[in-house]
Amino acid sequence: MSNTKNTEDSRSSQEPQDSQEPQDTQESQDSQEVRSSRKPRKQTAPRKRTGTGSGTTESTTERKRPSPMEVLRQARGQLAELTGMEAESVSSFEQTSEGWSLEVEVLELERVPDTMSLMASYQVELDPDGQLTGYRRVRRYERGRSDARRSGGR
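For what it's worth, the numbering used here labels the leading residue of the sequence shown as 10, then goes sequentially.
Right, dumping it as structure tokens:
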């Protein structure tokens with residue numbers, strides 16, 4: 010009998026601890042969720058010192074301008090993200106005083122046969138760093154049709 014009583018006593022003394030354990034686990038999970046939901050700190054670029062002697066100044070705005078190929082890739086990606094349509098080709102690309110200007114050909118409506126698919130030309134404007142500042146559709150045409158509006162390739 011004493012064994013039975015000891016076993017019951019030990020069970021009853023463990024029960025409150027067991028009921029507290031899930032709460033502690035829940036609290037630790039909650040605190041882990043809070044920690045994991047925090048955004049990681051953004052790392053800043055090291056500051057460059059310019060000038061010589063005691064008159065040095067720190068500058069964080071110095072950065073390399075993107076190459077034309079980087080600009081072209083960024084423009085195609087940004088246009089696809091905004092319109093939901095992948096760029097098939099870039100028919101015009103030039104650097105302007107405000108940044109960059111491109112004309113991008115996009116498949117707007119796929120048809121069978123492919124020569125009947127609807128294409129569109131988009132005029133895309135970018136800032137000097139390659140960030141899209143605006144776009145507009147300038148023409149729409151069937152893929153299989155030649156362009157009668159422009160003579161001499163322009």
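We put the CB at the ideal spot given by N, CA and C, even for glycine.
- In the same chain as residue 151, and ignoring 5 residues on each side of it, the C-beta atoms closer than 8 Å to its own belong to 124, 125, 126, 127, 128, in chain order.
- Per the C-alpha coordinates, the member of 131, 81, 89 positioned closest to residue 109 is 81.
- Under the three-state reduction of DSSP output, residue 140 falls in the coil class, being neither helix nor strand.
- Taking the CA atoms as reference points, residue 117 sits about 11 Å from residue 89.
- In the DSSP assignment, residue 80 falls within the unbroken alpha helix (DSSP H) covering 77-92.
- Uninterrupted beta strand (DSSP E) stretches at least 3 residues long and entirely within the segment 86-130 occur at 96-105, 108-118, given in chain order.
- The three-state reading of DSSP puts residue 74 in coil, since its state is none of H, G, I, E or B.
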